[in-house]
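Here's the structure we're looking at; comments come further down.
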Amino acid sequence: MDFLKQMWQLQQVEVEMVRLRKEWDHIKELAARESRSDLDAIRSGIEKAREQWQSIKEEYDAAVQETQSIGNKLVQHEEQLYQQGGQSKELLSLQQKISELEKRKAYLEEKQLGHINRLDELEQRIANETLRLQRLEEQSRSRSARLAERQKEIKSEYGKWKEQREELRGEIPGYMLDIYNDLVAQKKRPMALLKNANCGACGIEQSVLNVNALKKGNQYTRCSSCGRILVPQQQVADLLKEESDE
Ligand SMILES: [Zn+2]
Numbered sequence: 000m001d002f003l004k005q006m007w008q009l010q011q012v013e014v015e016m017v018r019l020r021k022e023w024d025h026i027k028e029l030a031a032r033e034s035r036s037d038l039d040a041i042r043s044g045i046e047k048a049r050e051q052w053q054s055i056k057e058e059y060d061a062a063v064q065e066t067q068s069i070g071n072k073l074v075q076h077e078e079q080l081y082q083q084g085g086q087s088k089e090l091l092s093l094q095q096k097i098s099e100l101e102k103r104k105a106y107l108e109e110k111q112l113g114h115i116n117r118l119d120e121l122e123q124r125i126a127n128e129t130l131r132l133q134r135l136e137e138q139s140r141s142r143s144a145r146l147a148e149r150q151k152e153i154k155s156e157y158g159k160w161k162e163q164r165e166e167l168r169g170e171i172p173g174y175m176l177d178i179y180n181d182l183v184a185q186k187k188r189p190m191a192l193l194k195n196a197n198c199g200a201c202g203i204e205q206s207v208l209n210v211n212a213l214k215k216g217n218q219y220t221r222c223s224s225c226g227r228i229l230v231p232q233q234q235v236a237d238l239l240k241e242e243s244d245e
C-alpha cells in the first residue's frame, strides 16, 4: 500500500500550496497598501505650504514696494520742506503728510519682519517634509520591490508543488482519490497518522480489527470516528523525519 505514503505526501503538498496561496493574498494586500497613497497627506501638506509661501511672498513684495515708494515721497517732501522754510499753512500740511508717511512706513517694515519669519518657517517646513517624503517613498519602493521578489518566488515554488501534486495524483488509485477528495470537500485534512491505536487527528481509539487490517498492510483503513484515512506512523517515518529536519 505505497499509495498511503503518496497520499500523505499529497496532503503535505496541498497544505504547502494552501500556505503559499494565503501568503500570495497577503502580499497582494500589502502591495495594494503600498500603491494606495498613504503619502498623499504629506504631499498635499507640502503643496499647501508652498501656496502659503507664495501668497505671503506676494504680500511681502507688495509691502517692500510700498515702503520704497513712501521712501521716495519722503525724500521729495523733505526737499520741499527745506525749500519752503519758515512757517506757513503748506508747511504744516507737509509736516503732517511726512509724519503720516513715516508711521505707515514703520508699520510696513514691522509687517515685513513678520513676513520674513513666516517665510523662513515655511521654507524650513517644506524642506523637512520633502526630505521625510523622499525617505518614505524610498522605503515604500524598496518594500514594493521585496514584495514583487517574493511573489516571483511564490509563483515558482507553487509551480513546483503543483507538478508534484499532479505526479502524486497520477500514482494514487482513483478510488482512493475519490475518498481523499470527498474528505477535502468536508474541509478536513484527509490523512491522519495512526498513533499507537489512536487516530492522530481526532484522537479516537481504533478497534483491534481496524489496527490489524492496517498493520498487515493489505488494506486501507479509515478512522471509525472522523473518517480520515489512517497512515501507520512507520510508513511515513522517513517523510516525517525530513519534515522535522527542515
Ligand atoms: Zn479520527
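Numbering that gives the first Met the number 0 puts the sequence shown at residues 0 to 245. Cβ coordinates follow ideal geometry from the N, Cα and C atoms, glycine included. Owing to the predicted nature of the structure, the values given are computational and were not obtained by experimental measurement.
Exercise for the section: For residue 227, verify whether its CB is less than 7 Å away from any heavy atom of ligand 1. Expected result: Against the sequence shown, residue 227 aligns to sequence position 228. Distances from the CB of residue 227 to the heavy atoms of ligand 1 include at least one below 7 Å.
Problem - Separation of residue 209 from residue 216, as counted between CA atoms - result: Here residue 216 refers to the residue found at position 217 of the sequence shown. Here residue 209 refers to the residue found at position 210 of the sequence shown. Roughly 11 Å between the two C-alpha positions.
Exercise for the section: Rounded to whole angstroms, what's the CA-CA distance from residue 177 to residue 142? Just pull it up for me. Expected result: Stepping through the sequence shown from its first residue, residue 177 is reached at position 178. Stepping through the sequence shown from its first residue, residue 142 is reached at position 143. Cα-Cα distance, rounded: 43 Å.
Handout entry: Any non-hydrogen atom of ligand 1 closer than 7 Å to residue 143 Cβ
Key = Residue numbering aside, residue 143 sits at position 144 when the sequence shown is read from its first letter. No, Cβ of residue 143 sits at least 7 Å from all heavy atoms of ligand 1.
Exercise for the section: Over the uninterrupted alpha helix (DSSP H) stretch that includes residue 187, give me the two end residues. Expected result: For the purposes of this step, residue 187 is taken as the residue at position 188 of the sequence shown. Premise fails: residue 187 is in no alpha helix (DSSP H) and is neither H nor E.
Practice task
Using beta-carbon positions only, say whether residue 227 and residue 191 come within less than 8 Å of one another.
Solution key: Within the sequence shown, residue 227 is the residue found at index 228, counting from 1. Within the sequence shown, residue 191 is the residue found at index 192, counting from 1. One thing to note: residue 227 has its Cβ within 8 Å of the Cβ of residue 191.
Handout entry: Collapsed DSSP secondary structure at residue 171 in the structure displayed
Key = If you number the sequence shown from 1, residue 171 lands on position 172. Residue 171 falls in the coil class under three-state DSSP.
Exercise for the section: Whole angstroms is fine: what's the gap from residue 98's alpha carbon to residue 60's? Expected result: As a first step, residue 98 is located in the sequence shown; it is residue number 99 there, counting from the start. As a first step, residue 60 is located in the sequence shown; it is residue number 61 there, counting from the start. For residue 98 and residue 60, the distance between alpha carbons rounds to 23 Å.
Exercise for the section: Following the continuous alpha helix (DSSP H) through residue 41, name the residue where it begins and the one where it ends. Expected result: Here residue 41 corresponds to residue number 42 of the sequence shown, with the count starting at 1. From DSSP, the alpha helix (DSSP H) with residue 41 extends over 39-83.
Problem - Under the three-state DSSP convention, the category residue 203 falls into - result: Your numbering for residue 203 matches position 204 in the sequence shown. Coil, per DSSP.
Practice task
Kindly indicate which three-state DSSP category residue 211 falls into: helix, strand or coil?
Solution key: Counting from 1 along the sequence shown, the entry for residue 211 is found at position 212. Look at residue 211 here: in three-state DSSP terms it is helix.
Practice task
Measure the Cβ-Cβ separation of residue 146 and residue 56 and say whether it is below 8 Å.
Solution key: Position 147 of the sequence shown, counted from the first residue, corresponds to residue 146. Position 57 of the sequence shown, counted from the first residue, corresponds to residue 56. In this structure, residue 56 does not lie closer than 8 Å to residue 146 by Cβ.
Handout entry: Environment of residue 14 [buried if 16+ CB atoms lie within 10 Å]
Key = As a first step, residue 14 is located in the sequence shown; it is residue number 15 there, counting from the start. Residue environment analysis places residue 14 among the exposed positions, since fewer than 16 neighbouring C-beta atoms fall within 10 angstroms of its C-beta.
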